[in-house]
Amino acid sequence: MNKFFKFYKKHEDGQILVLVALMLVGLIGFAGLLTDGGMMQLSKRELQAAADAAALAGANFLPYQPTKAVETARNYVLENDLLESNIKSITTPYDGDNRKIEVVLEKQASITFGRIFNPSETKITARAVAMRYPKWAGEALPFLNLDDNYDDDPNIELWEKVSPGDFESIWKDDYDTYNQDDCSMVYFTVDYMDGVQITKGTVADKKQEVECVFGQEVNPVYVISLRSGVIESGQVKMKDGTIVSLDKLKNKDIINEDQLVLLECDWFFYEKKTLKLRVSNVYDIINDELPENYYNPDGGTSNLIE
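Here the numbering used here is used: the sequence shown runs in plain steps of one and ends on residue 799.
So, in structure tokens, the structure goes:
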């Protein structure tokens with residue numbers, strides 16, 4: 494009987510040792526999986542941060558410079574200690590919108606214990622989509638619509654006269670020209686907050702830059718205009734408060750800012766100094782009504798949307 498109990502106890506001790514060993518293996522495996530899971534989460538966050546940064550950086554050059562947008566996004570990826578092989582795709586336009594860029598990255602996960610149970614490679618991916626959201630800050634062609642009532646007919650003409658007279662041009666001190674060395678990036682901004690000074694006579698010093706803007710084939714474009722009611726009345730208030738007939742305007746007269754609106758237009762026709770536009774929207778810019786979907790080559794911000 495004693496021999497039986499001794500044998501049973503010895504056998505029981507052996508089972509306990511086996512169970513303890515199995516439990517230790519399980520605990521070690523569980524700890525390893527937790528460690529691998531933490532490492533994968535860290536790698537995923539780092540990869541996502543790189544994708545976000547790349548998309549945001551690239552979007553700053555949209556929609557005018559898609560090649561530079563892709564190049565910038567790629568450089569941001571490489572600067573985040575990743576390799577060219579980690580770039581799965583960089584796409585712009587994305588989803589049919591030339592203001593959007595998508596960056597997709599992938600890399601092999603850094604795991605140790607997981608390879609015991611899954612010897613195949615484990616890849617993680619990250620994806621980000623950014624969009625350009627610039628703010629309108631005065632961009633407009635250097636002309637002023639004085640006589641075409643856009644409420645009656647959305648097609649307006651500017652700069653159309655070929656002899657001395659009213660060329661509907663804005664005085665040179667009231668607008669700025671940007672990126673004159675790069676025709677694909679040229680644009681104008683008009684300083685309208687304190688009224689707009691007009692000029693009469695032949696104004697052709699910006700003909701090349703206007704042609705550059707036309708050649709960019711980007712719609713919409715913007716033009717400062719008298720309010721439709723002002724055009725209809727035939728009279729306009731000047732900066733000094735006086736009321737003047739539109740046909741009596743003189744060189745360097747300053748039109749008061751509350752007489753102005755911003756026209757959002759599409760190119761209709763341009764040749765020499767004849768510029769025709771089709772009005773699509775009107776903004777009361779003096780009362781902070783600004784274009785919502787505006788973008789220009791400089792300024793603005795990029796936001797992640799996916």
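Note that the Cβ used here is the ideal one computed from N, Cα and C, for glycine as well.
Helix, strand or coil at residue i according to DSSP, with G and I counted as helix
i: F707; result: helix
i: N579; result: helix
i: L549; result: helix
i: N648; result: strand
i: R592; result: coil
i: E661; result: strand
i: N642; result: coil
i: N796; result: strand
i: L634; result: coil
i: L598; result: strand
i: K503; result: For K503, the pLDDT reaches just 49, beneath the cut-off of 50, and the residue's location in the model is therefore unreliable, although a value from the coordinates is still provided. Helix.
Where residue i falls, given that 16 or more other Cβ within 10 Å makes a residue buried
i: F636; result: buried
i: G708; result: exposed
i: F554; result: buried
i: D800; result: The structure shown has nothing for residue 800, since the chain only spans 494 to 799.
i: S578; result: exposed
i: L576; result: exposed
i: I748; result: buried
i: I736; result: exposed
i: Q601; result: exposed
i: L540; result: buried
i: F762; result: exposed
i: Q534; result: exposed
i: P657; result: Annotation note: pLDDT 47 at P657 (below 50); position unreliable, coordinate value reported separately. Exposed, by the Cβ-count rule.
i: R538; result: exposed
i: S677; result: exposed
i: A633; result: buried
i: Q690; result: buried
i: K561; result: exposed
i: N638; result: buried
i: K700; result: exposed
i: G688; result: buried
Range of the contiguous alpha helix (DSSP H) that encloses residue i
i: K561; result: P559 to E572
Close Cβ partners of residue i (< 8 Å) along its chain, the five nearest in sequence each way excluded
i: Y643; result: I649, S718, S721, L756, V772 and V775
i: Y569; result: A543, A546, A547, A550 and G551
i: D751; result: K730 and I779
i: A566; result: A547, A548, A550, G551, I583, I594 and V596
i: D781; result: none
i: Q616; result: The sequence shown places Lys at residue 616, not Gln. The residues are E599, K600, Q601 and A602.
Beta-carbon proximity list for residue i, same chain, < 6 Å, skipping 5 on both sides
i: E595; result: T584, Y587 and V622
i: I798; result: V622 and M624
i: S582; result: V597
i: E702; result: T670 and V679
i: N573; result: A543
i: S795; result: L549, A552, N553, A623 and R625
i: P556; result: N591 and R592
i: Y668; result: P635, F681 and V683
i: G631; result: T682 and V683
Continuous beta strand (DSSP E) stretch holding residue i: start and end
i: D669; result: Y668 to Y671
i: N774; result: T767 to Y776
i: I617; result: K616 to Y626
i: C758; result: L753 to E764
i: D585; result: A quick correction: the sequence has Thr, not Asp, at residue 585. Here T585 belongs to no beta strand (DSSP E), and DSSP marks it neither H nor E.
i: V679; result: From DSSP, V679 is part of no beta strand (DSSP E); its letter is neither H nor E.
Neighbourhood of residue i by C-beta distance below 7 Å, restricted to the same chain and skipping five residues each side
i: W760; result: F707, N712, V714 and L770
i: G800; result: Nothing in the structure corresponds to residue 800, since the chain is present only between 494 and 799.
i: D777; result: V754
i: P647; result: R771 and V772
i: D640; result: I724 and L739
i: E661; result: F636, L637, N638, L639, L651 and W652
i: V716; result: A633, L634, F636, N638, L651, L756, C758 and L770
i: K499; result: Residue placement at K499 is poorly supported in this model, since its pLDDT is 49, which falls under 50; the coordinates are not used for a value here.
Within the stretch 716-747, ranges of the beta strand (DSSP E) (whole runs, at least 3 residues)
728-730 and 736-738
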